[in-house]
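Chains as they are written, first to last, in my numbering: chain V, 25 to 545; chain R, 1156 to 1658.
Contents: one structure, followed by commentary.
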């Protein structure tokens, strides 16, 4: 297998194909009829996943450096390249994305009933945008992907969303754009400063900027630049108090939109911290003031998200708020900058992708049957839809963090990894796990247990085979990550260690400290 | 580079070839109109003749540009460098677009008068002189030759009181602006003893900025500030843009604004680089005020035409930020942004023109509700325009904004850059609702969009505009090189010293 992949120069073209295929597919899908569009989109996303799967073996993650780096001049006059590469962290995010997309397409088959070609075309455009964000190694390219992704999501929410979709779509767009526009200025200013210090070489290359990140001039501007990056990513994560777009967007989006939002889009925020904001400005990020603020906000997010989730009458909103809580753990781990903390944060990111994605799918499925998301409208449906109830319980337990399932690994690692540094914050965060159990189990109890007292609920059909096909891969992921996360952790560890060393301003062993790090370029 | 002696008649004629072709075409159209001015076909003929004239002018411009000519001897009345050629290109594109949009519009609105095209061509020649002038006198003449026909065009719809109001208002304000400009020219002549921009540049560098010169620069800024509709000289713009026939509005928003800005860049970069400390704060304040006021007031508009008028004030603010940089990067960014703005605005007004009737004053968000479903291509085109005006990645508008932010950031003063992005965010508040109405709302009635069909010529203009917006948005290197090379024409030692002194 490996010989075959080498013989077709797999590593030479795969990233470009992963970016180009969905975009080309989107054009094709947009021009076909509704019946063809969904099948074509499914085919394209499956091919995309199959193409990306060998990355698992073919990317050398042992050194933690960027692999498969390719640089093509794009706007040479401005020092902008089409530059992509992948390391252990990006690898997991890309695979998470490519794995989810076929499920999202398949999961939308019966949910989306009007203007289908446009819907599936936008899902494909979104795929390109998401993969692009995770592999971009040029700040211009990164920014373009980061922003372009907004458009399909805006339309997905605005056209196929729920009652309040117009408001939610606008809010989502404006919030995200607000953050990223300041980041745009920060990127340009960074490049200008680097150019002045680097003898006039204007380059938007990630490595180029990274090598100037800790110089004195950048140091004076660094707090402002960091603030701009911080806002962009904090809104995306979202960190309390920048989270107010999230419940609206998640609740109003169509099922696949909610799944993508929760599973991938939120991770772009934490990914942004890991890849850009912290490594560029480690001195600012880990100054005592910023650390205190971020850690406090993370802990507030964990507790606040959980408490607010507890009182939601709407199950989708409950899950949306639970995301705020979960992502708080990821932030805590990133700022702990210990190996367990960072690995834990990454596991939270992946694990949340699986379990919350599955929860949104399940909510979408029951909504298609009963057209309500009010928890109180259900009750005792375990007898009517046993398979649905079983899976929902299982996924909820994973989300709570039951040992043996995926949620536990990430949160446990984060708590271990950050206890030494932030004992009090970690102590408070731990209670978040208890709250999670409270809100999810309470909701489960009211929805699927209790008495079957509403006549409407007596005739709900159980999950179809198509819906099971959507859910099973996620369930496998949940069990796998919970029982044997080692292959995943092993692949991310070198990159995580590298992040920690950069974040602490230490030299990376075996590499000379030169102005242009990342010789792969 | 072949030299062209601008002191000889032949040299001047050759250097002014594109302008002369346009003037010639306008005379032909005028002559034609003397004999055939009755029917719609006559009007259409005049339109096609003007189009041919403009295309010929483009060809002349291309030949001139390709030949790589440069002036020999002392600088003369008219510039002969890449920046002028690029400026003429932008202006000719705006004019060609305006003619294409007018062809069917005039018939539809029953404005049969071939003189329309003669006026349009005269205004174009004025713009070309304005943007290419190397001398303040030529600048003033160009401005007047441009303005007078545009006053008439604004009031071209005799049956509309709003059109008449627009013309009168534009005329009065324009006359005041001309007076300011002329007085400014007189004062700077008094301070430097010359009207030639290059000579002014050298004198200012040698003798410093006297109060008289400072006042002169200020008055010139006010005069041009009126023409480009920057705050606080923008009061006329909404009413005039609103009342004028839509293709004329498109022409004013693109051609007049482009010519004004290109002239402003040349005056400041060639004539007053040494006085940068005098004008930079003023331009900075005008830029910030235009961005803030334009965007905030646009939010409150119901009529799309009026919203676009205020948004054009905001865009004047972005452009002033590029001018503020006072560097070659700023000049290049101005050109790039104008190119993007011209294409976007032409396409937007082209679509607006088919959405309504009788001046399109009552086109609102309700008018475009559900448009994308009934007319997917037009809806998509308008959506691209909105995203480009918003400055969204993937469109040419983003490249323009990026260039401006880069030019501003290069001056190590981020205030304007921050104002620019924050006000851009505000602009999402009025561009996005258009997209939202088209894609996310249902048509009010089943047959609401039946009449929305782009006639052939307008389809060419809008289609080409939108395609170029996307192409240049994705592959900007096709145009950046050209705009950078054009801006490199400002290679005067005075400018370099001024730029160095600031760093």
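From the three backbone atoms N, C-alpha and C, an ideal C-beta is built for every residue, glycine too.
Test: residue 117(V) CB closer than 8 Å to a CB of chain R
no
Using 8 Å as the limit for Cβ to Cβ distance, is residue 167(V) near chain R?
yes
Which full runs of the alpha helix (DSSP H) of 4+ residues lie inside the stretch 317-352 of chain V, going along the chain?
none
If you run the structure through DSSP and keep just helix, strand and coil, what is residue 541(V)?
At residue 541(V) the pLDDT is 39, less than 50, meaning the model places this residue with poor confidence; the figure from the coordinates comes in the next sentence. Coil, per DSSP.
Span of the alpha helix (DSSP H) around residue 269(V):
269-276
Short Cβ contact (8 Å threshold) for residue 1503(R) with residue 1409(R):
no
Chain-order list of residues whose beta-carbon lies under 7 Å from that of residue 1268(R) (same chain, five-residue window excluded):
1192, 1198
Under 8 Å by beta carbon: chain R residues contacting residue 269(V):
Neighbours of residue 269(V) on chain R: none; closest Cβ ~14 Å, over 8 Å.
Buried or exposed, going by whether 16 or more other CB atoms sit within 10 Å of the CB of residue 1594(R)?
buried
Would you identify the three-state DSSP class for residue 1549(R), choosing helix, strand or coil?
coil
Does the beta-carbon of residue 1221(R) have 16 or more other beta-carbons within 10 angstroms, so that it is buried, or is it exposed?
exposed
For residue 1573(R), return the contacting residues in chain V, with the cut-off set at a CB-CB distance below 8 Å.
206, 209
Could you confirm whether any beta carbon from chain R is found closer than 8 Å to the beta carbon of residue 190(V)?
yes
At 3 residues or longer, what runs of the beta strand (DSSP E) sit wholly inside the stretch 468-534 of chain V?
none
Beta-bridge pairing of residue 95(V) - partner residues as DSSP gives them
107(V)
Closest by CA to residue 243(V), which one among 510(V), 207(V), 306(V)?
306(V)
Proximal chain R residues relative to residue 46(V), where beta-carbon distance stays under 7 Å:
Residues of chain R passing the Cβ test: none, with the nearest at roughly 15 Å.
Beta carbon of residue 1437(R), beta carbon of residue 1373(R): below 8 Å?
yes
Along chain R, in chain order, which residues have C-beta atoms closer than 8 Å to that of residue 99(V)?
1631, 1632, 1635
According to DSSP, which residues form a beta bridge with residue 398(V)?
338(V)
Residue 1596(R), buried or exposed, once every other Cβ within 10 Å from all chains shown has been counted against 16:
buried
Can at least three beta-carbon pairs, one atom from the stretch 1224-1237 of chain R and one from the stretch 1477-1490 of chain R, be found at a separation below 8 Å?
no
My output table needs one value for residue 235(V): the three-state DSSP class, helix, strand or coil.
helix
Could you list which residues in chain R have their beta carbon closer than 9 Å to that of residue 55(V), in chain order?
What residue 55(V) touches in chain R: nothing, since even the nearest Cβ is about 11 Å away.
Where residue 1143(R) and residue 384(V) are concerned, what is the direct C-alpha to C-alpha distance, given to the nearest angstrom?
Nothing about residue 1143(R) can be read from this structure; chain R reaches only from 1156 to 1658.
Alpha-carbon to alpha-carbon, residue 1606(R) and residue 1517(R):
16 Å
By the 10 Å Cβ neighbour count, where 16 or more other Cβ atoms means buried, how is residue 1362(R) classified, buried or exposed?
exposed
Which chain V residues sit within Cβ distance under 9 Å of residue 1741(R)?
Residue 1741(R) is absent from the structure shown; chain R starts at 1156 and stops at 1658.
With distance defined between alpha-carbon atoms, name the residue in 487(V), 442(V), 459(V), 434(V) nearest to residue 508(V).
434(V)
To the nearest angstrom, how far is the alpha carbon of residue 541(V) from that of residue 26(V)?
Confidence is the limiting factor: at residue 541(V) the pLDDT is only 39, short of 50, which leaves the residue's position unreliable, though a coordinate-based value still follows. Roughly 30 Å separates the two Cα atoms.
Our contact map puts residue 353(V) next to residue 419(V) with C-beta atoms below 8 Å; I'd like the distance itself, whole angstroms only.
Going by Cβ atoms, the distance from residue 353(V) to residue 419(V) rounds to 18 Å, so no, they are not a contact pair.
If I'm right that residue 1271(R) touches residue 1311(R) with Cβ under 8 Å, what's the distance once you round it to whole angstroms?
6 Å
How would you list, in chain order, the residues of chain V whose beta-carbon sits under 8 Å from the beta-carbon of residue 1594(R)?
179, 182, 183
Coarse secondary structure for residue 362(V), derived from DSSP in three states
coil
To the nearest angstrom, how far is the alpha carbon of residue 412(V) from that of residue 63(V)?
25 Å
What's the gap between the Cα of residue 150(V) and the Cα of residue 1550(R)?
17 Å
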